[in-house]
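See below for the structure under consideration.
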Amino acid sequence: MILPESFYRRDTVTVARDLLGKFLVANGEALPIVEVEAYLGLEDKAAHASRGVTPRTQVIYGPPGRAYVYLIYGMHYCLNLIAEPDGTPGCVLIRGVQGVSGPGRCTKHFKIGARHNKLPVFHRDGLVQVHDRGVRPTTIDVTPRIGITKSAGLPLRFVAAGLRY
DNA sequence: GTCACGATTTGT
DNA sequence: CAAATCGTGACG
235 MILPESFYRR DTVTVARDLL GKFLVANGEA LPIVEVEAYL GLEDKAAHAS
285 RGVTPRTQVI YGPPGRAYVY LIYGMHYCLN LIAEPDGTPG CVLIRGVQGV
335 SGPGRCTKHF KIGARHNKLP VFHRDGLVQV HDRGVRPTTI DVTPRIGITK
385 SAGLPLRFVA AGLRY
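Residue numbers (the numbering used here): 235 to 399.
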């Protein structure tokens, strides 16, 4: 089933952990999420939302269950899912799905780009969806986030060590 | 308008 | 280790 909007209306870390094992569906393909990172609000200097509300970060402050897609280094897209209630910032970076490692490779694989930004992921006919197929991670590894300089070291990266179908 | 920079990936 | 490549945000 498609995860409802309420799934995302929780604290960012909880959403991040619960996203492991859920299926990312786009471009006619479905693969389980195996690696994510949580990005918080003003106190998290590595998060785009830490600069406050701007045209770009507005979606992160908006209602949950939307996609936040942005271009990084002028050549790769990163997919995030908005968490927390409307008005509270927080999002989860999809770093990897089964067989595909790296946020840039992930979006490339699913052909996700700028046109997906701000789209809800809980709609039946949406371009991007997230499904629950009853798959759960066997264990979850927790580590610092990758590729950041600010707020480095925080244990906000979550990796599914295995998947139990 | 101008400018420095980045939640990456790939090749040397 | 360095290049590729461009939207965003800060500043004037």
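The C-beta atom is built at its ideal place from N, Cα and C for all residues, glycine as well. Treat the numbers as computed from the prediction; the structure is a model and nothing was measured.
Nearest neighbour of residue i, chosen from the options [CA to CA]
i, options, result
"V393", "E263, T372, Y242, T383", "T372"
"D375", "V326, V293, G396", "G396"
"A348", "G308, R285, R367", "G308"
Residue span of the alpha helix (DSSP H) that contains residue i, given as start and end
i, result
"Y295", "292–295"
Cross-strand partners of residue i (DSSP beta bridge)
i, result
"P266", "F257"
"A250", "Partner(s): none; A250 has no beta bridge."
"I316", "C325"
"V303", "L313"
Three-way DSSP call (helix, strand, coil) for residue i in this model
i, result
"H310", "strand"
"F344", "coil"
"T377", "strand"
"F392", "strand"
"R244", "coil"
"S335", "strand"
"A281", "coil"
The beta strand (DSSP E) enclosing residue i, as first and last residue numbers
i, result
"H365", "362–365"
"I236", "Where I236 is concerned, there is no enclosing beta strand (DSSP E), given that its DSSP letter is neither H nor E."
Cβ shell of residue i (< 7 Å), same chain only, five flanking positions each side left out
i, result
"D278", "S284, S385"
Own chain, CB closer than 6 Å to residue i, minus 5 neighbours either side, in chain order
i, result
"F257", "A264, P266, H365, R367"
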